[in-house]
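Numbering (my numbering), first residue to last: 137 to 1000.
Notes to accompany the following structure.
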């Protein structure tokens, strides 16, 4: 009895039809073999043979059936090339869109960080009102590090770009000054040599540097004896002690070298000097939330100890994974949703196509059933057809995804510590193959099941059906789902377009057209004295202004929209702080004529002048918003305030500019004379950006060789790190928005195309099914306009239902992505996108409607 049950289970490996025909006979054969066997060994041999034969034979039979189904599928599809091409194209678009988006989302959200114990790494920031992620001051960093117990280790780092001199042309390198503990926290070993040790940070220790793999290859030819070489960075000699691996990127993809950060006691005197970033590794038994609780206790104690400097200062503790992706998380989630909508539309479209095709083939399927074909066999055949279409479309979709990845890779945050995402890897391809199989089953099961509900009476009757009825209702529901998803995507892309228009309409506060910006950072080891820097600026500006085609030129600390920091606390006598926290302003040092060069209007007072030196009274030019905030009812000229360690007298008021980009409001701006930068102090704020306004008849970039020659003549060791126009800088500000719109707009366009195909296919099939009815109507005198209206009405109903559902869901999608909309309300475009969806749907209905008006009554009323 047990043997019979076991064998029955084993026989399930065969197809059901085979079991029905031969199962009983196979049971008898097994019973005879078991009866003839004596002893345990003989029984085991019988069962081994039975299991082996069953598995082999079942596989062979299934393979034969699959080959039959494949041959039949190929012949069937070859007779309908238009259907096959449409189905494969729709599948490819759906699979391609989702594979491309997954390749990006996988790197950003799913893959572990390329560091040892990456889930235990956290970033620490100061959290003050208006800034939840503010760099640390060295004093607060030291206290946090010594008082905390939640962290196994902590390390500080900050940007420190340097000039590489003596290795060919001078180069400006993006560098980072780091503590020795940083690389051990990350758990990454160097490719060559070693990384820093605590001895490297000792006072008087030789200067050392670690190279990135890219700099080692590009700047030193990949020489393996580079370790131990001495190179000149600015005016200091550094020994190369290591080269990091090719896949190491920290804290972002732009880092080219790392030097040791040494702290001296003077670094800890000012708690308002915020420029450090901090990375820590949690202890194995500590969570991020527990670390936050401890840091709250520590920062509250420091606020009591330093009530002025640390007023309302807390700590932001965030997992490194969340830190490097938080700016792009919402956009990528929106793209995942958009790609899923495209796949949903593709699946419903294909299900509709296959369902329509199955109904059109009902006579063929009925004949096959009448001749003995089983229902399961027919389902298997139809599913094979679906999977073949899906597999072909999936392979084509992988190719489309490969082409789309370079565009989508622009959405990968540069702070994510990985290389460029330029191609699909095996992990993504595996996802695409699984998605292809799931998609093939998703759009194939329902048509296969529906298509095999066979009525043998249909062989004797001219059974026809319109798009009404149970099957017609199902197909119509699928079309409504397509229209709904299309409207959602159209609303999302429309909102992003409106946001971009709104951003582009914002005036930056300066005239960007015809201005060339040249990044020329001066090494402080050579230009630490302010008068020496001033002499350099004066000579360069004199030569540049004398160049043909130049209207004006000036120097500034940071370009707007490029460097968004430079935020300083200020104190204004008599001004009551409404928030209880220090007021801040955006600080820049400038040379005379900066405002005229940038075309920033001067509302009152004067520009900074050559006489504003360290021996003269300390002065400032402030922005209009600064003056209105602190002296709303007074003349700001002659008023004083405290910033950057000095009391300053206001001598001029200028228009506001957009410091932090076009999307967000900027702090009020303060401009200080370049000759009042203290010697050896505020070196980060020393002017380093040369801006040149050029005659409108001349291309600003054509001045490049002449300006390079002027700078080389003044200092042959000075690298020109970057040269670009302000127009390019402003365009780069909106470039991420343009990429967002391109991607989401592409998805919206695909969805509308697929929905149009779906509407067209459904109504065309309905018209074909109702040829006899339409022929009778025309023969009885129905007017062309009535026939046209009848078919268009069906499309309009589907459009209206889909548009209503889509508008509701689209509004919800707009609310979910509100952070991306730059102030645009989610409901602004609902009406317009709904109208566009109705239009596209009616456009899909027009051709079938016109075809219905051309039905020949005589041909249509003939018996099939």
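Note that the Cβ used here is the ideal one computed from N, Cα and C, for glycine as well.
query	result
The region 664 to 676 / the region 869 to 885 touching (three or more Cβ pairs under 8 Å)	no
Under the three-state DSSP convention, the category residue 783 falls into	strand
Rounded separation between residue 648 and residue 364 - CA only	46 Å
Rounded distance between the beta-carbons of residue 343 and residue 374, thought under 8 Å	4 Å
Integer-rounded CB distance, given that residue 241 should sit under 8 Å from residue 468	5 Å
Where residue 603 falls: helix, strand or coil (DSSP)	Summary for residue 603: the model assigns pLDDT 40, below 50, so the residue's position carries little reliability; its value from the coordinates is reported in the next sentence. Correct three-state label for residue 603: coil.
C-alpha gap between residue 404 and residue 273, whole angstroms	8 Å
Alpha-carbon to alpha-carbon, residue 572 and residue 357	45 Å
Distance, residue 195 Cα to residue 523 Cα	19 Å
Beta-carbon spacing of residue 644, residue 794 below 8 Å	yes
heavy atom of the ligand GDP below 7 Å from residue 428 C-beta	No copy of the ligand GDP appears in this structure; indeed no ligand is present at all.
Three-state secondary structure assigned by DSSP to residue 844	helix
Exposed unless 16 or more other CB atoms sit within 10 angstroms - verdict on residue 246	exposed
Coarse secondary structure for residue 922, derived from DSSP in three states	helix
Buried versus exposed call for residue 193 [16 or more other C-beta atoms within 10 Å across all chains shown]	exposed
Own chain partners of residue 480 with C-beta closer than 6 Å, once the 5 adjacent residues on each side are dropped	621
Beta-carbon proximity of residue 756 to residue 786, cut-off 8 Å	yes
Residue 287 (DSSP reduced to helix, strand or coil)	strand
Selected residue, minimal CA-CA separation from residue 945, among 821, 528, 420, 473	473
Between the CA atoms of residue 748 and residue 775 - distance to the nearest angstrom	17 Å
The region 750 to 770 touching the region 853 to 868, judged by at least three CB pairs closer than 8 Å	no
C-alpha distance - residue 881 paired with residue 730, whole-angstrom precision	40 Å
Member of 724, 823, 487 whose CA lies at the smallest distance from the CA of residue 691	823
Whole-Å CB distance - residue 470 paired with residue 957, under 8 Å assumed	With 8 Å as the limit, residue 470 and residue 957 do not qualify as a contact, their Cβ atoms being about 11 Å apart.
Exposure label - residue 397; buried when at least 16 CB within 10 Å	buried
Inter-residue Cα distance where the pair is residue 173 and residue 158	23 Å
N- and C-terminal bounds of the beta strand (DSSP E) containing residue 653	651 to 655
Contact set for residue 150: own chain, Cβ-Cβ below 7 Å, skip 5 residues either direction	194, 197
Alpha carbon of residue 638 to alpha carbon of residue 296, nearest angstrom	36 Å
Coil, strand or helix - residue 624 by DSSP	helix
Best match in 283, 369, 837, 395 for proximity to residue 305 [C-alpha to C-alpha]	369
Residue span of the alpha helix (DSSP H) that contains residue 169, given as start and end	152 to 171
Residue 657 classed as buried or exposed, judged by whether at least 16 other C-beta atoms fall within 10 angstroms	buried
Cβ-Cβ distance between residue 294 and residue 412 below 8 Å	yes
Touch test, the region 420 to 432 against the region 214 to 227, Cβ-Cβ under 8 Å, three pairs minimum	no
Whole-angstrom distance between residue 262 and residue 673, CA atom to CA atom	36 Å
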